[in-house]
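Mapping of the sequence shown onto the working numbering: residues 697 to 844, in sequence order.
Working notes for the structure below.
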Amino acid sequence: MSLKEQITEDMKTAMRAKDSERLGTIRLLLAAVKQKEVDERVTVDDVMLVGIVDKLIKQRKDSISQFTAAGRQDLADKETAELKVLEVYLPQRLSEDEIKAEVAAIVAELGAKGPADMGKVMGAVKGKLAGKADMGLVSAAVKAALAG
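This is the structure we're talking about:
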């Protein structure tokens, strides 16, 4: 079963259970998928879907930090609930140590020497780790590898 089919089944389950919070978040995700399909005239596969989920999660994390800073815990809690629903659709992520090992291998493979090679290394890393790792951690690992 593809990830998109799984999400559709989860939406039906949430409808039957009358779980309005979960249903709303799943509908939001499916709307983002449909938007990408219409805008780019493509059929979203599992890799693209993970990218969409990643983007929505990043938005939620940004919103949570802003709402918390503004003292709006009620809105931060709502975003946190959506975040938990979305995280279910991500594959198992690499640990920070695994990310560092992958980055070190790619840096050695490319022969990158310093910060000037950041773009070249990030391009290679994104291709290899897309959907498998938090890109914020990846970027920090690349900076650390090229600085030292």
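C-beta: ideal position from N, C-alpha, C; glycine also.
Per-residue DSSP class, three states only, for Pro787: The residue you call residue 787 lines up with position 91 of the sequence shown. Reduced to three states, the DSSP call for Pro787 is coil.
Simplified DSSP assignment, three categories, for Ser761: Within the sequence shown, residue 761 is the residue found at index 65, counting from 1. The three-state reading of DSSP puts Ser761 in helix, counting H, G and I together.
Same chain, Cβ closer than 6 Å to Arg756, five either side skipped, listed in chain order: Here the question's residue 756 lines up with position 60 in the sequence shown. Hits under 6 Å: Glu775, Glu778, Leu779.
Between the CA atoms of Ile760 and Asp770 - distance to the nearest angstrom: Taking the first residue of the sequence shown as position 1, residue 770 is located at position 74. Taking the first residue of the sequence shown as position 1, residue 760 is located at position 64. Rounded to the nearest whole angstrom, the C-alpha separation of Asp770 and Ile760 is 10 Å.
Among Glu736, Leu752, Ser698, nearest to Ile722 - alpha-carbon criterion: For the purposes of this step, residue 722 is taken as the residue at position 26 of the sequence shown. In terms of CA proximity to Ile722, Leu752 leads the group Glu736, Leu752, Ser698.
From Met707, Val838, Leu825, residue whose alpha carbon lies closest to that of Ala643: Here the chain covers residues 697 to 844 and nothing more, so residue 643 does not appear.
Limits of the unbroken alpha helix (DSSP H) element including Gly815: Along the sequence shown, one-based indexing puts residue 815 at 119. Where Gly815 is concerned, the enclosing alpha helix (DSSP H) stretches over 814-825.
Element boundaries [alpha helix (DSSP H), containing Gly767]: Working through the sequence shown from its first residue, we reach residue 767 at position 71. Counting along the chain, Gly767 sits inside no alpha helix (DSSP H), nor does DSSP assign it H or E at all.
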